[in-house]
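Data first, discussion second: the structure below is written as structure tokens.
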Amino acid sequence: MNLMRKLRGSSASTSAEPEAASSHIQLGLMHLKKLFAEYTHPPQPLTDAEKDDKLYNMLPLFCKVFGASPSTEMNEKFWDILSFCQQVSKLMVSEIRKRASNQSTEAASCAIAKFLEIENSEESSNGWMLLSTLNLLAAGDQSLIQVMTTAAIPSTLVKCLYLFFDLPEIPESEADVHDDASEFTPRERRILLQKIFVQVLVRLCSHPFPCEELARKDDLSLLFSAITSWCAPHNMMWRKSAAEVLMTLSRHGLTQSVVQYIHNKGCVGLCIENMQKIPELTPLEVVEMFVAVFCFLKDSSDVSQLLLDDFRSCQGYLFLSEFLLKLEEERVSGTEAKAALRNLVLMISSLCACGFSELRPTRANTELFQLQGFVLPQPSTPGQAVRNVQAFQVLQSVFLKSNSPALCCTILDAISSVYHADNANYFILENQNTLSQFSERIHTKNAEIQEKFFELLEFIVFQLNFVPCKELISLSLLLKANRSRSCSILCIKTLLNILKHNAIFKDVYREVGMLEVFVTCLTRYAVYLKDKQILEEELEEKENRKNPIEAQVNPQKLQKGKSVNRDRIP
2 MNLMRKLRGS SASTSAEPEA ASSHIQLGLM HLKKLFAEYT HPPQPLTDAE KDDKLYNMLP
62 LFCKVFGASP STEMNEKFWD ILSFCQQVSK LMVSEIRKRA SNQSTEAASC AIAKFLEIEN
122 SEESSNGWML LSTLNLLAAG DQSLIQVMTT AAIPSTLVKC LYLFFDLPEI PESEADVHDD
182 ASEFTPRERR ILLQKIFVQV LVRLCSHPFP CEELARKDDL SLLFSAITSW CAPHNMMWRK
242 SAAEVLMTLS RHGLTQSVVQ YIHNKGCVGL CIENMQKIPE LTPLEVVEMF VAVFCFLKDS
302 SDVSQLLLDD FRSCQGYLFL SEFLLKLEEE RVSGTEAKAA LRNLVLMISS LCACGFSELR
362 PTRANTELFQ LQGFVLPQPS TPGQAVRNVQ AFQVLQSVFL KSNSPALCCT ILDAISSVYH
422 ADNANYFILE NQNTLSQFSE RIHTKNAEIQ EKFFELLEFI VFQLNFVPCK ELISLSLLLK
482 ANRSRSCSIL CIKTLLNILK HNAIFKDVYR EVGMLEVFVT CLTRYAVYLK DKQILEEELE
542 EKENRKNPIE AQVNPQKLQK GKSVNRDRIP
């Protein structure tokens with residue numbers, strides 16, 4: 002069942018005509034203005050409890066008036082909206098602090114959740130109405146966000162989110178039981194709370210002010226701790242919520258001061274440490290954690306190199322390599338797990354383009370051979386040129402160490418996408434000697450991986466218009482070693498394709514020692530043909546000894562078969 006549709010159905014009348022509904026909203030707005038005027042300027046002094054009651058009584062009316070309207074109408078039609086927002090925000094902070102004060106984390110989380118969850122109906126649920134009102138206000142303009150931030154709504158809600166990790170599980174016998182007085186089961190109430198609660202925080206963190214407030218009040222580190230901490234399975238949705246909030250903050254709130262806070266608090270190192278030391282985490286959970294961390298590394302690199310340097314200094318790239326190889330050893334199975342592994346490799350490849358400073362090819366013009374029209378390419382595509390060599394080294398080292406065909410194939414695809422993203426990338430990474438090192442291990446990989454590898458070599462020649470002497474030397478060594486006949490055949494085909502592309506490669510092959518290797522290959526092939534002929538003659542002789550009568554009766558048939566077999570020799 003769609004809970005949100007069920008929620009809307011419980012609180013809205015679908016039979017009302019549009020004009021009648023508009024009239025009701027206008028009357029509701031007038032009444033709201035009147036009630037708030039009486040609240041702010043009471044005819045006689047009110048106690049705090051009386052003020053709270055009056056404010057709570059206005060919340061259902063506010064949600065009814067503005068629940069289905071564009072957020073801009075709040076400022077246009079309700080001129081006291083900033084003052085109203087301030088009072089609602091103060092009330093929420095006060096109610097949460099009251100329930101968290103002098104309590105254990107579990108008791109506090111239970112008290113706050115019970116207050117915020119919907120009860121019998123929306124109107125009778127003070128905490129739910131308070132949260133729903135804040136959700137509408139958080140969709141407003143920056144002036145409202147600023148008011149909520151000043152009242153400490155972002156930091157208060159982040160503390161709540163961290164506390165919700167300690168919520169006890171709803172007993173299975175009660176989770177789906179309908180109360181006579183309520184439309185919602187306990188499980189549905191919890192899910193609704195999570196959806197609206199996170200929506201409020203996501204809306205707030207889509208602006209810079211709340212993010213800076215979280216840093217200033219030292220609550221931002223709680224989100225980093227939350228996304229990389231173990232939690233009970235029934236509270237997994239709160240960790241996913243923390244990751245969603247953090248990724249929103251990463252996209253919209255990474256000011257220089259926020260980045261500096263994350264660096265000073267060692268948040269990136271905290272995440273890596275948590276992921277390494279918690280044995281209960283599944284591979285899928287670790288991949289989800291990496292997604293959130295990568296978002297910060299990627300988005301922060303637009304304003305600073307600090308967090309990428311933090312990731313490197315806390316051995317984040319080494320952990321990535323070890324984690325991928327560990328998954329291979331554990332033979333991760335299942336569609337979701339394999340997809341997660343593939344996504345992690347793709348994220349690492351995207352991280353290659355993240356960095357504050359641009360990297361440029363530094364090749365000296367000392368090449369012995371150069372194709373006509375070759376010009377050393379410079380980075381041309383924003384966000385596609387390599388700026389992070391350490392991330393690329395993760396892909397390279399894992400490929401060399403891995404024995405998993407699926408992982409190696411995915412990594413080679415990722416490296417190919419890096420090379421194809423910008424023509425300068427191969428030259429920026431040339432000092433890594435990637436393909437030369439791969440050629441030393443390519444004979445141990447399967448046919449699909451070998452084909453992808455040789456296609457990359459052809460790409461360098463055909464698309465980049467470059468003579469890759471180092472790679473050609475490594476291919477000559479591969480052919481000379483002849484550890485895999487099928488791999489050697491693919492190698493010869495690639496070299497032939499390159500030779501057809503430009504006649505200059507006749508001289509290139511001579512210079513890199515390829516001609517001598519070809520002679521060795523021909524000699525080896527001649528020996529192979531001779532050995533094959535001898536083997537066939539021995540088999541024929543053995544067959545004759547087994548079938549002497551057939552050999553005497555039908556010698557022409559045997560001779561014909563011998564001729565046919567010789568014709569088939571390649």
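Heads up: the sequence shown begins at 2 in our numbering, then just goes up one per residue. Just so it is clear, CB atoms sit at the ideal spot from N, CA and C, and this is done for glycine as well.
Whole-angstrom distance between residue j and residue i, CA atom to CA atom
{"i": "Glu51", "j": "Ala38", "result": "15 Å"}
{"i": "Glu359", "j": "Asp310", "result": "15 Å"}
{"i": "Tyr57", "j": "Ser84", "result": "15 Å"}
{"i": "Leu168", "j": "Asp303", "result": "38 Å"}
{"i": "Ser230", "j": "Glu330", "result": "24 Å"}
{"i": "Phe455", "j": "Lys266", "result": "46 Å"}
{"i": "His25", "j": "Val66", "result": "9 Å"}
{"i": "Leu319", "j": "Lys278", "result": "15 Å"}
{"i": "Ile82", "j": "Leu215", "result": "24 Å"}
{"i": "Ser16", "j": "Leu28", "result": "Any reading at Ser16 needs caution, since the residue's pLDDT is 42, under 50, leaving its predicted position unreliable; the model's value is listed next. Looking at the two C-alpha atoms, the distance is approximately 18 Å."}
{"i": "Ser125", "j": "Gln306", "result": "51 Å"}
{"i": "Cys470", "j": "Ala293", "result": "41 Å"}
{"i": "Ala448", "j": "Arg486", "result": "11 Å"}
{"i": "Val395", "j": "Met348", "result": "12 Å"}
{"i": "Leu497", "j": "Ile450", "result": "19 Å"}
{"i": "Lys35", "j": "Met59", "result": "10 Å"}
{"i": "Ile461", "j": "Glu274", "result": "40 Å"}
{"i": "Val159", "j": "Glu120", "result": "23 Å"}
{"i": "Cys232", "j": "Phe166", "result": "6 Å"}
{"i": "Glu77", "j": "Ser23", "result": "16 Å"}
{"i": "Thr73", "j": "Leu138", "result": "10 Å"}
{"i": "Cys488", "j": "Ile443", "result": "8 Å"}
{"i": "Gln195", "j": "Gln316", "result": "35 Å"}
{"i": "Phe584", "j": "Ile535", "result": "The first residue shown for the chain is 2 and the last is 571, placing residue 584 beyond what the model contains."}
{"i": "Ile490", "j": "Gly374", "result": "31 Å"}
{"i": "Ser258", "j": "Pro209", "result": "10 Å"}
{"i": "Glu459", "j": "Ile505", "result": "15 Å"}
{"i": "Arg100", "j": "Phe198", "result": "17 Å"}
{"i": "Leu577", "j": "Thr521", "result": "Since the first residue shown for the chain is 2 and the last is 571, residue 577 is missing from the structure and cannot be characterised."}
{"i": "Phe370", "j": "Ser403", "result": "35 Å"}
First and last residue of the uninterrupted alpha helix (DSSP H) at residue i
{"i": "Gly270", "result": "Cys268 to Lys278"}
{"i": "Ser174", "result": "Glu173 to Ala176"}
{"i": "Glu281", "result": "It is not in any alpha helix (DSSP H) - Glu281 carries neither H nor E in the DSSP assignment."}
{"i": "Val87", "result": "In the sequence as displayed, the identity of residue 87 is Gln instead of Val. Here the alpha helix (DSSP H) through Gln87 covers Ile82 to Ala101."}
{"i": "Ala153", "result": "Premise fails: Ala153 is in no alpha helix (DSSP H) and is neither H nor E."}
{"i": "Trp129", "result": "Asn127 to Ala139"}
{"i": "Lys65", "result": "Asp49 to Phe67"}
{"i": "Val387", "result": "First-last for Val387: undefined, no H or E at that position."}
{"i": "Phe79", "result": "Per DSSP, Phe79 belongs to no alpha helix (DSSP H) and is neither H nor E."}
{"i": "Gln438", "result": "Thr435 to Ser440"}
{"i": "Glu472", "result": "Cys470 to Ala482"}
{"i": "Thr445", "result": "No alpha helix (DSSP H) contains Thr445, which DSSP labels as neither H nor E."}
{"i": "Ile113", "result": "Thr106 to Leu117"}
{"i": "Asn424", "result": "It is not in any alpha helix (DSSP H) - Asn424 carries neither H nor E in the DSSP assignment."}
{"i": "Leu465", "result": "No alpha helix (DSSP H) contains Leu465, which DSSP labels as neither H nor E."}
{"i": "Glu512", "result": "Ile505 to Glu512"}
{"i": "Leu496", "result": "Arg486 to His502"}
Burial state of residue i (16 or more Cβ within 10 Å)
{"i": "Gly356", "result": "buried"}
{"i": "Ser11", "result": "In this predicted model, Ser11 has a pLDDT of only 49, less than 50, meaning its place in the structure is not dependable enough to derive any value."}
{"i": "Asp508", "result": "exposed"}
{"i": "Asp300", "result": "buried"}
{"i": "Arg529", "result": "Checking the sequence, you will find Tyr at residue 529 rather than Arg. Exposed: under 16 other Cβ atoms inside 10 Å."}
{"i": "Tyr427", "result": "buried"}
{"i": "Thr157", "result": "buried"}
{"i": "Ser133", "result": "buried"}
{"i": "Val376", "result": "exposed"}
{"i": "Asn127", "result": "buried"}
{"i": "Pro571", "result": "Low local confidence applies: a pLDDT of 38 at Pro571 is under 50, so the model's placement there is unreliable, with the coordinate-based value given in what follows. Looking at its Cβ environment, which holds fewer than 16 other Cβ atoms inside 10 Å, Pro571 is exposed."}
{"i": "Trp80", "result": "exposed"}
{"i": "His32", "result": "exposed"}
{"i": "Ser110", "result": "buried"}
(request) Quick one: which unbroken alpha helix (DSSP H) runs of 4-plus residues sit fully inside the segment 178-258? Chain order, please. (result) 187-205, 209-217, 221-228 and 237-253
(request) Please go through the segment 303-381 and give each complete alpha helix (DSSP H) segment of 4 or more residues, from N-terminal end onward. (result) 307-314, 317-330 and 336-352
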